[in-house]
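Visitor: The structure's right below; bear with me while I get my questions together.
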Amino acid sequence: MAIEQPVLLTDRLILRPYTPDDAPELAERLNNPKIYSTTLALPYPYEEHHAVEWISTHQASLERGTAVHFAVTLKTDRTIIGTVSLMSINEMHRRAEIGYWIGPDHWNQGYATEAGQAVLDYGFRRLNLHRIQAQHFKRNPSSGRVIQKLGMQKEGFSRHAAYRAGRWHDLINYAILETDPRP
Ligand SMILES: CC(C)(COP(=O)(O)OP(=O)(O)OC[C@H]1O[C@@H](n2cnc3c(N)ncnc32)[C@H](O)[C@@H]1OP(=O)(O)O)[C@@H](O)C(=O)NCCC(=O)NCCS
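All residue numbers for the sequence shown refer to my numbering, where the first residue is -1 and numbers rise by one.
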């Protein structure tokens, strides 16, 4: 029987699995250099076929227990405003990495933090993870602030760990344990 991904509710958001029908809307949001330039894996330009291919991998990743991706949608009108994912899930070590983006029209309204909190809860309570880690580009203080608001602790600094938009970037590393205090 197929494993079903839950829907997570927060005050203002519904975090739900992506469906193939979401591809055009997702591609429209992600075809944006402001998102591309501070993320590690997204292509640019981001075209509809990228969204179709990516969404088509989700059920297999869920079943293998390696990744879970949530569409971040507004309760008010169901618009997709972003994504929060748990990736590199490792059952043996009970750890994963959280990654996220929010479309620029919705920045600085607390959405990444609100969605991130729900996904941390899901990771610790439902997936029984012990540790969730995160990385952000040094030149992306907004993401650093989200990570801090999630209660993650700074663990280190990786020099030139990413090549993006024609240059090397330093990454800052954070993590939170299931036993750490949560804001
Ligand atoms: C990083 C990102 C997810 C933040 O999303 P968001 O919904 O705006 O995040 P929040 O509103 O929850 O929090 C943003 C925080 O950053 C702060 N911030 C914004 N710009 C800032 C800057 N230049 N310097 C320092 N802090 C900044 C905001 O004031 C806010 O903090 P506050 O609540 O203490 O005031 C969003 O900018 C994004 O998707 N960027 C492109 C993709 C990306 O970088 N993803 C993360 C990869 S690690």
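Beta carbons: idealized from backbone N, C-alpha and C, even for Gly.
#1: Straight-line CA distance for isoleucine 53 to methionine 85?
#2: Return the chain-ordered ranges of every alpha helix (DSSP H) run that is complete within the stretch 42 to 109 and spans a minimum of 4 residues.
#3: Nearest-angstrom Cα distance between threonine 111 and alanine 0?
#4: Using the rule of at least 16 other Cβ atoms within 10 Å of the residue's Cβ for burial, across every protein chain shown, is tyrosine 120 buried or exposed?
#5: Considering only heavy atoms of ligand 1 and the C-beta of each residue, which residues fall inside 7 Å, strictly closer?
#6: Answer yes or no: do valine 66 and leucine 11 have a C-beta to C-beta separation smaller than 8 Å?
#7: Which value, in whole angstroms, describes the spacing of the CA atoms of phenylalanine 122 and histidine 128?
#8: Let me check understanding here. Comparing Cα to Cα, which of Ile170, Lys152 and Lys73 lies closest to valine 5?
#9: Using alpha carbons as the reference points, say which of Phe68, Ser35, Gly63 and Glu26 lies closest to arginine 14.
#10: By alpha-carbon positions, which one of Arg124, Ile79 and Lys136 ends up nearest to threonine 37?
Guide: Concretely, from the data shown:
#1: The alpha-carbon atoms of isoleucine 53 and methionine 85 are separated by roughly 14 Å.
#2: Taking only runs of at least 4 residues, the alpha helix (DSSP H) segments lying wholly in the stretch 42 to 109 are 46 to 54 and 56 to 62.
#3: The straight-line gap from Cα to Cα measures roughly 30 Å.
#4: Tyrosine 120 comes out buried.
#5: Per the Cβ criterion, the list is Lys32, Ile33, Thr36, Thr37, Gly80, Gly97, Tyr98, Trp99, Ile100, His104, Trp105, Asn106, Gln107, Gly108, Tyr109, Ala110, Thr111, Glu112, Ala132, Gln133, His134, Phe135, Asn138, Pro139, Ser140, Ser141, Arg143, Val144 and Lys147.
#6: Not in contact: valine 66 and leucine 11 (Cβ atoms no closer than 8 Å).
#7: Each residue's alpha carbon lies about 7 Å from the other.
#8: Ranking Ile170, Lys152 and Lys73 by Cα distance to valine 5 puts Lys73 first.
#9: Of Phe68, Ser35, Gly63 and Glu26, the residue nearest in Cα terms is Phe68.
#10: Taking the Cα of threonine 37 as reference, the smallest distance to any Cα among Arg124, Ile79 and Lys136 is reached at Lys136.
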